[in-house]
Amino acid sequence: MSMSEKKHLRLPEWMKMKSRLPKDGRYTEVRRLLEENQLHTICTSGNCPNIGECWSAGTATFMILGEICTRSCKFCGVKTGKPLEVDIEEPARVAKSIKMMGILHAVITSVDRDDLEDRGTTLWVQTIEEIKRINPGVTMETLIPDFDGKPHLIERIIKAGPEVISHNLETVKRLSKGVRSKARYELSLDVIRQVSISKIVSKSGIMLGLGETSEEILETMDDLLEVGCQVFTIGQYMQPTRDHMPVDEWITPEQFEEYRKIGLAKGFRHVESHPLVRSSYHAEKHIK
Ligand code: SF4
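Using this note's numbering, you'd call the opening residue of the sequence shown number 14 and step up by one each time.
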């Protein structure tokens with residue numbers, strides 16, 4: 014069945030509960046600060062359902078290196094195309110906003126920059142260093158792309174010393190090729206292995222509802238544990254636009270809870286598993 018022929022499933026009740034956004038308070042303050050500093054977040058670019066909760070609590074996931082990604086994964090709502098020039102002032106603006114928002118644990122991610130020789134790692138390192146410089150005591154998670162699997166580029170992030178480095182598998186092995194535009198399952202496992210060896214907390218996540226089987230989810234857990242992954246997140250895939258992959262199935266909260274228990278029993282140190290979980294949800298709990 015082609016993507017356009019597939020039926021569009023109705024949103025179940027448990028996915029609707031957070032859809033109303035606050036009209037005042039900390040939520041609007043966070044939005045104002047982000048707009049004033051021309052900063053991008055995966056919260057808005059990824060149409061995250063938790064935005065009301067997270068922004069009201071004063072947390073957000075900053076997306077650096079612009080808002081246009083060089084890849085075009087079938088699940089992702091981030092814009093795709095030819096990115097703008099790297100903005101060398103961005104690290105300072107991100108660091109300043111973290112201070113003004115009073116964030117204690119910052120989560121940073123980026124678009125893929127396959128157009129750049131260094132895949133954007135120079136700006137990544139500058140951002141981490143600037144956050145540390147003006148926010149002593151603030152801890153950090155960096156949700157990184159695969160940097161084309163180049164170990165020396167991943168090493169630059171490790172050396173910069175964030176507390177947590179995450180890299181998402183996004184889906185099970187069989188579906189990877191169709192869901193992710195360029196990234197490969199095995200290469201992503203290599204990225205996570207390199208982080209695990211460094212002793213920085215390693216983290217990864219997948220989305221459910223893309224057509225995977227229970228056995229494949231459990232195999233993915235085993236593959237991640239094999240490369241030393243410590244923290245695992247599982248959430249429900251939501252179709253960003255009608256041009257993206259349709260949802261194949263809505264997984265119930267009870268099934269997510271079952272996967273959480275299985276993940277912990279298998280050996281992950283921490284598992285977040287709920288339909289509304291996104292990789293940065295409750296990120297402050299994932300530090301050692
Ligand atoms: S879960 Fe992550 S992406 Fe979603 S609103 Fe919260 S911080 Fe942003």
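All residues carry an ideal CB built from backbone N, CA and C; glycine is no exception. Quantities reported herein were computed from a predicted structural model and do not represent experimental measurements.
Check	Outcome
Quick check on residue 52: does DSSP put it in helix, strand or coil?	coil
How big is the Cα-Cα spacing for residue 269 and residue 287?	5 angstroms
How should residue 159 be labelled, buried or exposed, when 16 other C-beta atoms within 10 angstroms of its C-beta is the threshold for buried?	buried
Kindly examine the ligand SF4 and report whether one of its heavy atoms sits closer than 7 angstroms to the Cβ of residue 173.	no
Residues in its own chain within less than 8 angstroms of residue 108 by CB, not counting five upstream and five downstream?	140, 143, 144, 146, 147 and 148
Once you ignore the five residues that flank residue 218 on each side, which residues in its own chain have a CB closer than 6 angstroms to its CB?	181, 246 and 292
At what residue ranges does the region 191–255 contain a whole run of the alpha helix (DSSP H), taking only runs of 4 or more?	198–211 and 227–239
On the CB-based measure, 16 or more other CB atoms within 10 Å of its CB, does residue 15 come out buried or exposed?	The pLDDT assigned to residue 15 is 45, lower than 50, so where the model puts this residue is not dependable, and the model offers no usable value.
Going by DSSP in three states, residue 82 sits in which element: helix, strand or coil?	strand
Sorry if obvious, but does the Cβ on residue 247 come closer than 7 angstroms to a heavy atom of the ligand SF4?	no
Using the three-state DSSP reduction, which class does residue 287 fall into: helix, strand or coil?	coil
Just checking, does the region 190–210 make contact with the region 153–167 on the three C-beta pairs under 8 angstroms criterion?	yes
Report back the beta-carbon spacing between residue 191 and residue 210 to the nearest angstrom; my notes put them in contact at under 8 angstroms.	With a Cβ gap of about 30 angstroms, residue 191 and residue 210 do not count as contacting.
Taking the alpha carbon of residue 201 as the reference point, which residue from 172, 174, 233 and 264 has its own alpha carbon closest?	233
Within its chain, find whatever has a CB closer than 8 angstroms to the CB of residue 18; leave out the 5 residues flanking it on each side and keep chain order.	Residue confidence for residue 18 is low, a pLDDT of 47 falling below 50, so the modelled location carries little weight; the figure read from the coordinates is stated next. Once the five neighbours on either side are set aside, residue 18 has no close Cβ partner at all.
Residue 104 and residue 83 - do their beta-carbons sit closer together than 8 angstroms?	no
On the DSSP bridge assignment, give the partners of residue 156 in chain order.	122 and 179
What three-state label does DSSP hand residue 16 in the structure shown?	Confidence at residue 16 is low in this model, with a pLDDT of 46, below 50, so the placement of that residue is unreliable and no value is reported for it.
Determine whether the beta carbon atoms of residue 244 and residue 208 lie at a separation below 8 angstroms.	no
Between the beta-carbon of residue 166 and the beta-carbon of residue 134, is there less than 8 angstroms?	yes
Under three-state DSSP, which class holds residue 77?	strand
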